[in-house]
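Beneath this line is the structure, given in structure tokens, with notes to follow.
Protein chains in written order, with our numbering: chain A, 410 to 634; chain B, 63 to 374.
Here is the structure:
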């Protein structure tokens, strides 16, 4: 499948990733967490094969949703979803219809994406990812700026995708989302993986990476010290 | 839509052959072959080349204000052509004119797209285009100041104003292959431009890296807009206006605009060239107004309207 071994990346003279080993598993939602600048997005791009000097991968098998993805034009939701068929070189309507339904935006198919709410835009972008029918989904902060309800809805979609046999890797800032929806939590800090395991078991390391302290009860109170 | 455009083109094509200095009517064969047919064919070619160049540039730069004229690509093409003209290359070797125009346009397009790759905001792009235009205009003025004689100066000036009149069929034959080739190249870029509409990283993840699309847009624009500027001079605003006219009707997906933009550009320029000929019949003018003057007069208010619409 996909993965990186001993990956180091320098961008603009700064070492962003330093000797990272990471292989996501199928049928799992793997969350990547860590403070800003930890290298999460870079790791995702490396997995996707779009960084310079990373091996090109088959775009039919891997779909990638960058952070804060937006459409430059007033495309309709359906047109955005059809872009997911580009790697297959077809405009097959069936996978697109399934993807729109799966992402919960079938009713918005003919609406312009620049006139939708933030949560709807994110769902439309996910419909594009689903329309590719990839084996691997790489998503960079798909829940950022969303209200809790919309964020939970997106995470449930990703759980469904994993249950259907896909490999899902998602960058999350919100540890509580990782605790609730991820099978595996990988903590990155300053370009290194500092913890990797079941979300609850790596919680202390995650809290430390974010600079969060622990309460007297031994649970992180998830507030800055 | 495509059928409607083709129908309009057929009607205007016929009208263009029948309208001239003598008014409406079937012209003598020599006028038909030497005057009407070349200018009709050129209006079609140049309009199509500029229309599709505008649509492709707007898609590549993700900006509805992109236009080969506005961003200086036509300016560098004109500069190339003037240099060829000035050094007498065009007189001794006729294909030098379109070739130099394409070379100038290619350099301009590559500079602009290379810059746009690193500075993606509208403002910086427009500023870069203005800079390129200004540099091309300054060098053009310099070339004109060095013109060998008043006759050459007036010929250059008139050519720069833009137009498709008084070109021969052999000049058409020189310009046609690059314009058609560039247009064909740009028409094939729809998928790459569509992918770019979601950003460079998404495009790369879909298997269509930005650099490849940008290089092809630069090459296609250099061929189509460069050869157009070399043969027809400064005909502006067609590439800007056409895709923006079509978006409300056809949607904003870049691929869906390419072919209609080529056809609408041809339609628009043919109509404008007819208007120029009608103007000299209907108004007290002693010569046809240059085509480039007419497209600028029509295009400038459109640009202001567009800017207001975008500002909202």
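Backbone N, C-alpha and C define an ideal beta-carbon position, used for all residues, glycine too.
What you are looking at is a predicted structure, and each value in this text was computed from that prediction instead of being measured.
Beta-carbon proximity of residue 418 of chain A to residue 432 of chain A, cut-off 9 angstroms: no
Assigned secondary structure, residue 473 of chain A (DSSP; H/G/I helix, E/B strand, else coil): strand
Integer Cβ distance of residue 319 of chain B from residue 249 of chain B, believed to fall under 8 angstroms: Residue 319 of chain B to residue 249 of chain B, Cβ: 11 angstroms. No contact.
Residue burial classification, residue 503 of chain A (beta-carbon count within 10 angstroms, cutoff 16): Label assigned to residue 503 of chain A: exposed.
Supposed close pair residue 105 of chain B, residue 323 of chain B - CB separation, criterion 8 angstroms: Not quite, the Cβ-Cβ distance comes to about 16 angstroms (not below 8 angstroms), so this is no contact.
is_contact[residue 496 of chain A, chain B] using C-beta, thresh 9 angstroms: yes
Chain A contacts from the segment 309-337 of chain B (Cβ-Cβ distance under 9 angstroms): Against chain A - using a Cβ distance shorter than 9 angstroms - the residues of the segment 309-337 of chain B are 309, 313, 314, 315, 316, 318.
Per-residue contacts from residue 481 of chain A into chain B (C-beta, under 7 angstroms): Among the residues of chain B, those whose CB is under 7 angstroms from the CB of residue 481 of chain A are 124, 259, following chain order.
Proximity to residue 505 of chain A [Cα-Cα], best of A:487, A:468, A:621: Answer by Cα proximity: A:487.
Inside the segment 149-206 of chain B only - alpha helix (DSSP H) runs reaching at least 4 residues: 151-154, 158-180
Under 9 angstroms from the C-beta of residue 586 of chain A: neighbouring residues of chain B: Residues of chain B passing the Cβ test: none, with the nearest at roughly 23 angstroms.
9 angstroms Cβ cutoff, residue 527 of chain A in contact with chain B: no
Residue 342 of chain B - containing alpha helix (DSSP H), residue span: 316-344
Burial state of residue 95 of chain B, where buried means 16 or more other Cβ atoms lie within 10 Å: exposed
Whole runs of the beta strand (DSSP E) within the segment 565-616 of chain A, excluding any shorter than 3 residues: 576-580, 593-598, 601-606
Residue 549 of chain A - partner residues in DSSP beta bridges: A:580
Interfacial residues, the segment 448-464 of chain A to chain B, with Cβ spacing under 9 angstroms: 454, 457, 458, 459
Assigned secondary structure, residue 487 of chain A (DSSP; H/G/I helix, E/B strand, else coil): helix
Span of the alpha helix (DSSP H), counted from its first residue to its last, around residue 264 of chain B: 262-267
For residue 82 of chain B, the three-state DSSP class (helix, strand or coil): strand
Beta-bridge pairing of residue 643 of chain A - partner residues as DSSP gives them: Outside the modelled stretch of chain A, which goes from 410 to 634, sits residue 643 of chain A, for which no answer is possible.
CB contact flag (residue 362 of chain B, residue 299 of chain B, <9 angstroms): yes
Chain A within 9 angstroms of residue 256 of chain B, Cβ atoms only: yes
Residue 110 of chain B in three-state terms, based on DSSP: helix
N-terminal and C-terminal residue of the alpha helix (DSSP H) that residue 512 of chain A is part of: Counting along the chain, residue 512 of chain A falls outside any alpha helix (DSSP H), and DSSP gives it neither H nor E.
Boundaries of the beta strand (DSSP E) in which residue 88 of chain B is found, first to last residue: Note, residue 88 of chain B: premise wrong, no beta strand (DSSP E); not H, not E.
Test: residue 493 of chain A CB closer than 9 angstroms to a CB of chain B: yes
Sequence-distant residues of its chain with Cβ nearer than 7 angstroms to residue 475 of chain A (five each side left out): Hits under 7 angstroms: 549.
Residue 351 of chain A, DSSP secondary structure in three states: Because chain A here runs from 410 to 634, residue 351 of chain A falls outside it and cannot be looked at.
According to DSSP, residues forming a beta bridge with residue 636 of chain A: For residue 636 of chain A there is no data in the structure shown, the boundaries of chain A being 410 and 634.
Strand pairing of residue 521 of chain A, partner residues [DSSP]: A:485
heavy atom of the ligand HEM below 8 angstroms from residue 353 of chain B C-beta: Of ligands this structure carries none, so the ligand HEM is not represented either.
Segment contact, 8 angstroms Cβ cut-off, at least three pairs: the segment 416-430 of chain A with the segment 564-573 of chain A: no
Which of helix, strand or coil DSSP assigns to residue 634 of chain A: Only weak support exists for where residue 634 of chain A lies, its pLDDT of 47 falling under 50; the value from the coordinates is given anyway. Here residue 634 of chain A sits in coil by DSSP.
Chain-ordered chain B contacts of residue 551 of chain A [CB-CB under 8 angstroms]: By Cβ distance, chain B contributes nothing, its closest Cβ being about 13 angstroms from residue 551 of chain A, past 8 angstroms.
Environment of residue 285 of chain B [buried if 16+ CB atoms lie within 10 Å]: buried
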